[in-house]
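Undergrad: The structure is given below, and queries will be raised subsequently.
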Amino acid sequence: MKRIFLILAFSAMAMCGLVSCEKEMMDYEGEASLYFDVRWYVSHINQKYWPHRDWSEATFGNMEQNDTTYNFKIAVTGYPADHDREFTVVATDTTNAVEGRDFTIENTKCVIKAGESYTYLKVTAHRSEQMLNDTLLLQLKIVPSDELTLMFTDFKDAPVIPSGYSTYNDNPFYFPGTDVKSVNHNAAFHSLWLYDVPIKPAGWYGTEIGGIFGKFTAKKWRLLMEITGTSIADFASQTTMPSARAQALGETFGKYLLDMAASEETCIVDEDGTMMWVNYIDTNGGTRKWSQTTTPYGYYNK
Amino acid sequence: MDTMKYRYLHTILAASAIIGAISSCVEDKGNYDLEEINELTIEGIEDSYSLFSLTETLDVTPDLQPSVKGYSEDNYEFNWFVCEGALTTDGHKHTTISTERNLHYPVNLNPGNYSIYFQVTDKNTGVKFEKSLTLTAMSPLVRGFYILGNKEDGIAGLDFLSMPTGRDTSLIPNLFVNKNGIKGAKNLVFTGYYAVGNNTALWLITEDNQYTLDFSSTKTEVDVLPKNLDNILFPTMEGVQKPFHLANVLPAPYGPNCTALCGSNRILLTDGEAYCASIISGEAYGQPVTRDASTVTANIFTPYKVAFYAGNSTYVSTFFFYDTTNNCFKVPTGGYSSYACTFCKKPTDSATPFYWDQTNYTPVRTIVYGENGYGNAGRSYALMTDGQNYYVYGFKAQTSATGMPTKATASTIDPNDAIDIAKASHYAFFSMQQIILYSVGSKLYAYDYARKDCKMINDFGEEITYLAFDFHSASRPTDLLVATYSPAQKGTLCKYTVTDDINNINVEARVDDVWHTDLRIEKVFWRYCTN
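So the sequence lines, in the order shown, correspond to chains A and B. Going by the working numbering, the first residue of the first sequence is number 1, and it counts up by one from there. Going by the working numbering, the first residue of the second sequence is number 1001, and it counts up by one from there.
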């Protein structure tokens, strides 16, 4: 009898032992911490795998409109709460853009609603004269609250250089125009750079060594659009600016440059001091043609 | 108490052992009293069927032969389904098209090959029996003639004379929905199938505008697409005629399969200019090539609406124009191929057998009509006039970008010999012989300008609205299309055969090739395109 009960007892213990092997997962017990969840990468990669980037830019030089609005995503770690959670975002002292003139923060008070884990900060950038010759900065900073902290001070999800971006000059993860790689050190900050300087559009055919339009300069582009009656939107892509169209525009613009070069007084000089050039100058300039490196002095004193 | 539990336990264990022992000793003798189940043989279904989608019905009546005599078909469930997509792909799916015993399925599939399964389930046994067939769904709009015209109220209409290989010819009316009520159709140009890029287009040209139509063979009704000339023409020269009005797109597709004569380049003619471009990266044109220099200030000339090239070629790399502004034939120049040309110039000229430059004649001769022929090694023709006489020039386009066109013949037509030719509204050159056909009102004439023999072919009693040779549909340069119209009879399209005879004019009506439409026919264009 006793032996039977012992067997039954051991069996029960063994079953309990098996049941106890089921692992119980621990709930998230870290802080509810805010961070700018602004990402950028190449389009063929799923956006959820995009790395973070701590800056955006308002490139008014390549826009038709005077205002452009950004919705910066701000996310929070941890489980969604059963109540709304508020926090604010401010412009830091590093900001040299002027509120109202250069930008407007549409909602400094942000709310992560109950059951949600992110919200958006709406910022509108305004074109201003100050952006013509300078690059302005709006640096945004999340202000923590009692229940929302800031713990991502060294984010470091610096991405690899996307395919097609070979140098820091055209790598979107380098700070514009520098060799400083933009690694998101502190996710409480996000910078919006504002400038009204045209950058070479996708519909520009030409380089320093030739092509239909030759080297790109803001001055040449603006004048080309003025003379040919085209717009920034026309140069947005090679679909809106097929090469046949570019060639036709180059002819009209080249003829204008040749006409203006009839005298040194009216000659169009580019930003670097050379005579403004498109390939029509070469193909139809005859004895009056010049190269991309020709200066007015060299041309009129030869 | 312990003794009692012990006793119960023993009893339970002993009983279990006995039951187990007994059950393990029972011999399973099996059941060899077998009952025959019904097997089904499905016959009466062909392996393959070919039908036109959207217009024809697949009818199949299977012959069901059960193995059990007298087995009722009430015991069956039927399912016909279309199997689409490869088995290995996510897109593989079955679509039930009928649950009846006999299939009556109006084919509603995009053109292509499909497997259709007939599945019979024996409700008594759950056993399934299957038989499959292959259905080739064809489009009635792949092969045939577009017939463009206007209805009584002037609204543009488009019919399709469907001529599928191995099947009867039938007219599909009102292919063009024309929701915008476009009026005044004058011309239709189908670019044919181009292998490079998405540049196939069906252009409807009206008196003052042009539209691209959907040319899909999978739709029984088509309408206007958004593409228009303002999206593809980007000249900046002063003197360009705007708004743009399309005159022609060349080279025209060739032969029964609408072969692209140049898949990567195209010539687009407007009322004011001609444009050439590579269309590999999309269709876009810059400055007109019908100018006399490569400069932006050059003089622009208006070309005749046909660019001349050898009509028997299967590839066209070069062509030339007739300058209606200065009355001179002009060849393109300035590029590695004529499509890359930037301007045009006069060809090398001499008086024999005719001048390229018509200003050498007094009075100056102007072009009346021109076309590219198939016969005589792809000779092109131009009908000229100086206001008194008419002249026919036969010539051959150059074969390289640096070459020159060659002259073949020049004939003078005395209007007193060619009856009422000065009143003609439509012309067609018979490329095999020196014969020109022309229509005056309801009368069709043929004139042999070598033998100076004129013959009235027919007085239709109603206005001739269209006249053209049709080499492409059957590779026969002797086929002639004639369309007539009257308010009572509406539109009629008929075919003639012109005999290739140097000594006689013989034009025979083909009595089986007559079709009727509500349209006043303006243009007939051969189409072969599987898209």
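Even glycine gets a Cβ: it sits at the ideal position worked out from N, Cα and C.
By DSSP, does Phe1460(B) sit in helix, in strand, or in coil?
TA: In this structure, Phe1460(B) counts as coil in the three-state DSSP scheme.
Undergrad: Which two residues bound the contiguous beta strand (DSSP E) that contains Ile281(A)?
TA: Not the beta strand (DSSP E): Ile281(A) falls in the alpha helix (DSSP H), residues Asn279 to Asn284.
Undergrad: Could you pull the start and end residues of the beta strand (DSSP E) that Arg1527(B) belongs to?
TA: From DSSP, the beta strand (DSSP E) with Arg1527(B) extends over Arg1520 to Tyr1528.
Undergrad: Could you tell me the distance, in whole angstroms, from the CA atom of His1094(B) to the CA atom of Lys48(A)?
TA: Distance between the alpha carbons of His1094(B) and Lys48(A) is about 34 Å.
Undergrad: Leaving out five residues on either side along the sequence, give the residues of the same chain with a beta carbon under 8 Å from the beta carbon of Asp154(A).
TA: Here the set comprises His185 and Asn186.
Undergrad: Return no unless some Cβ of chain B is closer than 8 Å to the Cβ of Glu251(A).
TA: Yes, Glu251(A) lies at the interface with chain B (some Cβ there is under 8 Å from its Cβ).
Undergrad: According to DSSP, is Asp170(A) part of a helix, a strand, or is it coil?
TA: The predicted model places Asp170(A) with a pLDDT of 47, which falls under 50 and marks its position as unreliable, so this point remains unresolved.
Undergrad: Put Asn1372(B) into one of helix, strand or coil per three-state DSSP.
TA: Asn1372(B): strand per DSSP, three-state reduction.
Undergrad: Could you give the distance in angstroms between the alpha-carbon of Thr1406(B) and the alpha-carbon of Phe1308(B)?
TA: Distance between the alpha carbons of Thr1406(B) and Phe1308(B) is about 12 Å.
Undergrad: For Leu1171(B), which residues does DSSP report across the bridge?
TA: Answer is Leu1161(B).
Undergrad: State the start and end residues of the unbroken alpha helix (DSSP H) segment that holds Arg1476(B).
TA: First-last for Arg1476(B): undefined, no H or E at that position.
Undergrad: From the DSSP output, in three-state form, read off Asp102(A) for me.
TA: Note: Asp102(A) maps to coil in three-state DSSP.
Undergrad: Find the residues of chain B that neighbour Ala75(A), judging by a C-beta separation of less than 7 Å, and give them in chain order.
TA: Going along chain B, no residue has its Cβ under 7 Å from Ala75(A), so there is no contact; the nearest lies around 33 Å.
Undergrad: Using 10 angstroms around the beta-carbon of Leu132(A), count the other beta-carbons present and answer buried if the total reaches 16, otherwise exposed.
TA: Under this definition Leu132(A) is an exposed residue.
Undergrad: For chain B, check one thing: does any of its Cβ atoms lie closer than 8 Å to the Cβ of Thr295(A)?
TA: It does not: the Cβ of Thr295(A) has no partner Cβ on chain B nearer than 8 Å.
Undergrad: Which residues bound the alpha helix (DSSP H) around Thr252(A)?
TA: Unbroken alpha helix (DSSP H) run through Thr252(A): Ser243 to Met260.
Undergrad: Could you work out which residues of chain B lie near Asn284(A), taking near to mean beta carbons separated by less than 7 Å?
TA: Within chain B, the residues near Asn284(A) are Ser1294 and Thr1295.
Undergrad: Find the nearest neighbour of Glu31(A) within the set Gly285(A), Ser145(A), Phe189(A) and Ala262(A), judged by alpha-carbon distance.
TA: Nearest option by C-alpha distance: Ser145(A).
Undergrad: Out of Ala246(A), Tyr118(A), Trp204(A) and Asp196(A), which one is the CA nearest neighbour of Thr74(A)?
TA: In the sequence as displayed, the identity of residue 74(A) is Ile instead of Thr. When only C-alpha atoms are compared, the closest one is Tyr118(A).
Undergrad: Do Asn1113(B) and Thr1096(B) count as a contact pair if the criterion is CB distance below 8 Å?
TA: Taking 8 Å as the Cβ cut-off, Thr1096(B) and Asn1113(B) do not qualify as a contacting pair.
Undergrad: Quick one: Cα of Ile105(A) to Cα of Ser33(A), how far?
TA: About 22 Å.
Undergrad: Answer with yes or no whether the minimum CB distance from Arg288(A) to chain B is below 8 Å.
TA: So, not an interface residue.
Undergrad: Could one say the Cβ of Arg222(A) lies closer than 8 Å to chain B's Cβ atoms, at least one of them?
TA: Closer than 8 Å: no.
Undergrad: Quick check on the DSSP output: what are the complete beta strand (DSSP E) runs of length 3 or more inside the stretch 1112-1158 of chain B, in order along the chain?
TA: Counting whole runs of 3 or more residues, the stretch 1112-1158 of chain B contains the beta strand (DSSP E) stretches 1112-1122, 1128-1138 and 1143-1150.
Undergrad: Taking the alpha carbon of Ser243(A) as the point to measure from, which residue in Lys1242(B), Leu1233(B), Gly1181(B) and Pro1243(B) has its own alpha carbon closest?
TA: Closest option to Ser243(A), Cα to Cα, is Leu1233(B).
Undergrad: Might you give, ordered along the chain, the residues of its own chain that have their beta carbon closer than 6 Å to the beta carbon of Leu1225(B), omitting 5 neighbours on each side?
TA: Counting only Cβ-Cβ distances below 6 Å, and skipping sequence neighbours, we find Thr1212 and Asp1214.
Undergrad: Under 8 Å, with one C-beta from each stretch per pair, do the stretch 274-292 of chain A and the stretch 252-266 of chain A reach the 3-pair mark?
TA: The stretch 274-292 of chain A, when compared against the stretch 252-266 of chain A, does touch it at the 8 Å Cβ threshold.
Undergrad: DSSP beta-bridge partners for Lys1330(B)?
TA: Lys1330(B) is bridged to Phe1321(B).
Undergrad: Quick check on Phe235(A): does DSSP put it in helix, strand or coil?
TA: Helix, per DSSP.
Undergrad: Classify Phe1395(B) as helix, strand or coil using the three-state DSSP reduction.
TA: The answer is strand: DSSP assigns Phe1395(B) an E or B state.
Undergrad: Below 8 Å on the Cβ atoms is my guess for Thr1366(B) versus Asn1327(B); work out the distance and round it to an integer in Å.
TA: Indeed they touch by this definition, with Cβ atoms about 6 Å apart.
Undergrad: Establish whether the CB of Thr217(A) and some CB of chain B are separated by less than 8 Å.
TA: It does not: the Cβ of Thr217(A) has no partner Cβ on chain B nearer than 8 Å.
Undergrad: Spatial neighbours of Asn62(A) within its chain, please: CB distance less than 7 Å, with the 5 preceding and 5 following residues excluded, ordered by chain position.
TA: So the qualifying residues of the chain are Pro198, Ile199, Pro201 and Ile232.
Undergrad: Compare the Cα-Cα distances from Thr1218(B) to each of Thr1302(B), Asn1108(B) and Ala1274(B) and report the closest residue.
TA: Among Thr1302(B), Asn1108(B) and Ala1274(B), the Cα nearest to that of Thr1218(B) belongs to Asn1108(B).
Undergrad: Quick check on Gly210(A): does DSSP put it in helix, strand or coil?
TA: Three-state DSSP puts Gly210(A) in a strand.
Undergrad: Where in the stretch 1169-1237 of chain B do unbroken runs of the beta strand (DSSP E), each at least 3 residues long, occur, reported from the N-terminal end onward?
TA: Fully enclosed beta strand (DSSP E) runs of 3 or longer: 1170-1172, 1185-1190, 1202-1206 and 1210-1213.
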